[in-house]
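Presented below is the structure to which this report refers.
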Amino acid sequence: MIDPATEKVITKVGLGGKREINLAVQAARKAFPKWSASAPDERTRIILRFAELIEEHQDEFTELAIRDGGIPRAIAETCPFFCALFLRYYAGWPTKITGQTLPSTPHGKDPADVLAYTLREPIGVVGGITPWNYAFGMEMLKIAPALATGCCLVLKPAEEAPIAGLFLAELAHQAGVPDGVFSVVNGLGHQAGAALAEHPDVDKIAFTGSTEVGRLIVHAATGNLKKVSLELGGKSPVFVFPDADMDLAIPGVAMAGFAMSGQNCVCGSRLYVHEDVADQVAEGIAAFASQLSLGSTQNANTDVGPLISAKQRNRVEKMIRNAKKQGATLVCGGARGKGKGYYIQPTLFDHCKPSMELVKDEVFGPVIAMQRFSDKDSFEQLAAMANDTCYGLSGSVWTRDLEAAMVMTKAINTGQIGVNCHAAMDPSMPFGGTKESGWGAEFGEAGIELFTKDKAVTLMWN
Ligand code: NAP
Ligand code: MG
Numbered sequence: 031m032i033d034p035a036t037e038k039v040i041t042k043v044g045l046g047g048k049r050e051i052n053l054a055v056q057a058a059r060k061a062f063p064k065w066s067a068s069a070p071d072e073r074t075r076i077i078l079r080f081a082e083l084i085e086e087h088q089d090e091f092t093e094l095a096i097r098d099g100g101i102p103r104a105i106a107e108t109c110p111f112f113c114a115l116f117l118r119y120y121a122g123w124p125t126k127i128t129g130q131t132l133p134s135t136p137h138g139k140d141p142a143d144v145l146a147y148t149l150r151e152p153i154g155v156v157g158g159i160t161p162w163n164y165a166f167g168m169e170m171l172k173i174a175p176a177l178a179t180g181c182c183l184v185l186k187p188a189e190e191a192p193i194a195g196l197f198l199a200e201l202a203h204q205a206g207v208p209d210g211v212f213s214v215v216n217g218l219g220h221q222a223g224a225a226l227a228e229h230p231d232v233d234k235i236a237f238t239g240s241t242e243v244g245r246l247i248v249h250a251a252t253g254n255l256k257k258v259s260l261e262l263g264g265k266s267p268v269f270v271f272p273d274a275d276m277d278l279a280i281p282g283v284a285m286a287g288f289a290m291s292g293q294n295c296v297c298g299s300r301l302y303v304h305e306d307v308a309d310q311v312a313e314g315i316a317a318f319a320s321q322l323s324l325g326s327t328q329n330a331n332t333d334v335g336p337l338i339s340a341k342q343r344n345r346v347e348k349m350i351r352n353a354k355k356q357g358a359t360l361v362c363g364g365a366r367g368k369g370k371g372y373y374i375q376p377t378l379f380d381h382c383k384p385s386m387e388l389v390k391d392e393v394f395g396p397v398i399a400m401q402r403f404s405d406k407d408s409f410e411q412l413a414a415m416a417n418d419t420c421y422g423l424s425g426s427v428w429t430r431d432l433e434a435a436m437v438m439t440k441a442i443n444t445g446q447i448g449v450n451c452h453a454a455m456d457p458s459m460p461f462g463g464t465k466e467s468g469w470g471a472e473f474g475e476a477g478i479e480l481f482t483k484d485k486a487v488t489l490m491w492n
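See below:
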């Protein structure tokens, strides 16, 4: 494993394949009957203990998060907090997963002679396949609902962030998660990942990653028609209206694009600004970006870390070159950081066009593509600009005008939208994408639904 901040090999991790996936799935199958029938309160206690252990190992956790994916220290420090918060939220669920009683009268039966209800049951053995960005968090989105619902989970983490999952499995084991209930198999996507996705004894795949691999997962799942949930890529639109509070909006839209060096699915990479404030916003973002420190992930003051790999940096650099060639105006950034590590400066392009690659494709780097709009553009036209993409994950609207906020939040076709905030996350709020950004939503009750199924039961007498 290579630390993207230093380009040095920092550890070696076992490479699992089909054989290891088979063993983990067998162990999960074996554990499932007992775990799925365990007392809800027992699962709550184990999940709460897991959260406590994460907090007890907070420092170690942060150090691993810094190296696992090249996350700057200040963001890595949020990883244990996020994981514990998420576990505690799901710890409340086992005692609240219920079915319904229904007023069913099949074949004209007297209602007095029928009892109809649904049982909400765990979906079974789940394969989790996750990306490298914010790996601890991405993995926890699979682990917590699996434990809460009584499912067994086999997790295949990303090859570029292989240590988070191993650490989480160790703590889960210490918390009392029984053998086979949660296993981790490190390995390559086209080997271990593909073996899990096509495994005939896996009931569901919960995938987070690119839209491209999401399609492969769907194809691989056809053998036993396993259930699939997908959290995929995005190209999230951000609108700044002229009445917005600029002290809030400028840093807000800058960090929507630059946080995690743009390596997050909710990245606000398409910026639309009203012409009256466009110069002010562009200059404001450039000034804000110049204050961001690009540097060592170990340094507590670093705001922007490296990209995950040389391959990813080269890809982002190519997109920057193409944007220049296609006539976009470079406002700030556009170059590599100094020294070792796969750094790219926070970058803003103004005067972009809808047809440009930078506006259409997910960059996964700290690059914002800005376009300008005017009073001539109706809300309907603005929403059409926002929706002119195959993605539908997140977005935000920066305004103090209630009408603009209400009309735009309804008209933008995404799974998540913020007003005067971008990608506000909370364990209770559902998160998922429309269109090619995914199938299903995680977080909140939606996450419980993804890991359970309804069985309809009808009892009759007379
Ligand atoms: P990726 O290339 O799609 O990989 C995701 C996972 O799938 C990795 O574990 C990968 O293994 C595995 N994989 C690759 N090929 C596979 C195959 N044929 N069968 C089964 N598994 C396979 O994504 P990434 O580059 O790691 O992450 C970036 C992408 O994730 C972006 O598009 C981003 O938008 C998306 N993302 C979405 C969300 C969301 O919640 N919507 C959150 C975070 C990231 P290897 O690592 O070994 O290749
Ligand atoms: Mg990949």
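Note that our numbering has the sequence shown beginning at 31, numbered continuously upward. Using N, Cα and C, we set each Cβ at its ideal position, and we do this for glycine too.
Task: Element boundaries [alpha helix (DSSP H), containing Ala222] - done: Unbroken run through Ala222: none, as it is neither H nor E.
TODO: Kindly examine the ligand NAP and report whether one of its heavy atoms sits closer than 7 Å to the Cβ of Cys295.
DONE: yes
TODO: Using beta-carbon positions only, say whether Ser259 and Phe237 come within less than 8 Å of one another.
DONE: yes
Task: N-terminal and C-terminal residue of the alpha helix (DSSP H) that Ala203 is part of - done: The question names Ala, but residue 203 is His in the sequence shown. Taken as a continuous stretch (DSSP letters only), the alpha helix (DSSP H) holding His203 covers Ile193 to Ala205.
Open item on the list: Per the DSSP calculation, Lys38 is bridged to which residue(s)?
Closed with: Asp33
TODO: Give every residue of the same chain whose Cβ lies closer than 6 Å to the Cβ of Leu117, excluding the five residues on either side of it in the sequence, and list them in chain order.
DONE: Ile77, Phe80, Ala81 and Ala174
Open item on the list: Shorter than 7 Å, the distance from the beta carbon of Asn163 to the closest heavy atom of the ligand NAP, or not?
Closed with: yes
TODO: Return yes when the C-beta of Phe116 is under 7 Å from any heavy atom of the ligand NAP, and no when it is not.
DONE: no
Open item on the list: If we require 4 or more residues per run, which alpha helix (DSSP H) segments fall completely within the segment 95-162?
Closed with: 103-106 and 108-121
TODO: Going by CA-CA distance only, name the one from Ala399, Pro133, Phe166 and Phe112 that's closest to Lys383.
DONE: Measuring from the Cα of Lys383, the nearest candidate turns out to be Ala399.
Open item on the list: Given this structure, state the Cα-to-Cα distance separating Leu324 from Pro281, to the nearest angstrom.
Closed with: Roughly 16 Å between the two C-alpha positions.
Open item on the list: Nearest by alpha-carbon distance to Val474: which of Trp123, Asn352, Trp428 and Glu242 is it?
Closed with: For the record, residue 474 in the displayed sequence is Gly; it is not Val. Per the Cα distances, Trp123.
Open item on the list: According to DSSP, is Lys493 part of a helix, a strand, or is it coil?
Closed with: In the structure as shown, the chain starts at 31 and stops at 492, and residue 493 therefore has no counterpart that could be examined.
Open item on the list: Taking 8 Å as the threshold (C-beta atoms), are Val361 and Ala316 in contact?
Closed with: Between Ala316 and Val361, the C-beta spacing is below 8 Å.
- [ ] Give the straight-line distance between the Cα atoms of Gly422 and Ala413, rounded to the nearest whole angstrom.
- [x] 12 Å
Open item on the list: Helix, strand or coil, according to DSSP, for Leu185 in the structure here?
Closed with: strand
Open item on the list: Does the distance between the C-beta of Lys465 and the nearest non-hydrogen atom of the ligand NAP fall short of 7 Å?
Closed with: no
- [ ] May I ask you to verify whether the segment 239-256 touches the segment 405-412, counting CB pairs closer than 8 Å and requiring at least 3?
- [x] no
Task: Where the alpha helix (DSSP H) containing Arg351 begins and where it ends - done: Ala340 to Lys355
Open item on the list: Residues in the same chain with beta-carbon distance under 7 Å from Ala365, minus the five sequence neighbours each way, listed in chain order, please.
Closed with: Only Gln375 meet the Cβ criterion.
Task: Euclidean distance between Cα positions of Lys485 and Lys139 - done: 21 Å
Task: Other residues of its chain near Ile101: CB distance less than 8 Å, five sequence neighbours each side excluded - done: Ala95, Cys109, Tyr164, Met290, Thr327 and Gly335
- [ ] Give a yes or no on whether the C-beta atoms belonging to Lys172 and Gly217 are separated by under 8 Å.
- [x] Taking 8 Å as the Cβ cut-off, Lys172 and Gly217 do not qualify as a contacting pair.
TODO: Could you name the residues that DSSP lists as bridge partners for Gly462?
DONE: Ala471
TODO: Give the DSSP bridge partners of Gly448, in chain order.
DONE: Ser426
Open item on the list: If I follow the unbroken alpha helix (DSSP H) through Val55, where does it start and stop?
Closed with: Val55: member of the alpha helix (DSSP H) spanning Lys48 to Ser66, first to last residue.
TODO: Consider the C-beta atom of Met168 and the heavy atoms of the ligand NAP; say whether any pair is separated by less than 7 Å.
DONE: yes
- [ ] Tell me, to the nearest whole angstrom, how far the beta carbon of Arg103 is from that of Thr332; I am working on the premise that it is less than 8 Å.
- [x] Yes, they are in contact, since the Cβ atoms of Arg103 and Thr332 sit about 7 Å apart, within 8 Å.
Task: Sub-8 Å separation of Cys16 and Gly287 beta-carbons - done: Nothing in the structure corresponds to residue 16, since the chain is present only between 31 and 492.
Open item on the list: the ligand NAP and Val243: does any heavy atom of the ligand fall closer than 7 Å to the residue's C-beta?
Closed with: yes
Open item on the list: Give me the residue from Asp431, Gly425, Asn450 and Arg430 with the minimum Cα distance to Ala441.
Closed with: Gly425
Task: Buried versus exposed, by CB contacts within 10 Å (16 or more), Val39 - done: exposed
Open item on the list: So, at 6 Å on beta carbons, what are the nonlocal neighbours of Thr241 in its own chain, with the 5 sequence-adjacent residues on each side left out?
Closed with: Excluding positions up to five away in sequence, the list reads Leu262, Gly263 and Glu466.
TODO: Counting only the same chain and skipping the five closest in sequence on each side, list residues whose C-beta sits under 6 Å from that of Asp98.
DONE: Ala165, Ala191, Ile193 and Ala194
Open item on the list: Following a CB-centred definition, is Glu90 positioned closer than 7 Å to any heavy atom of the ligand NAP?
Closed with: no
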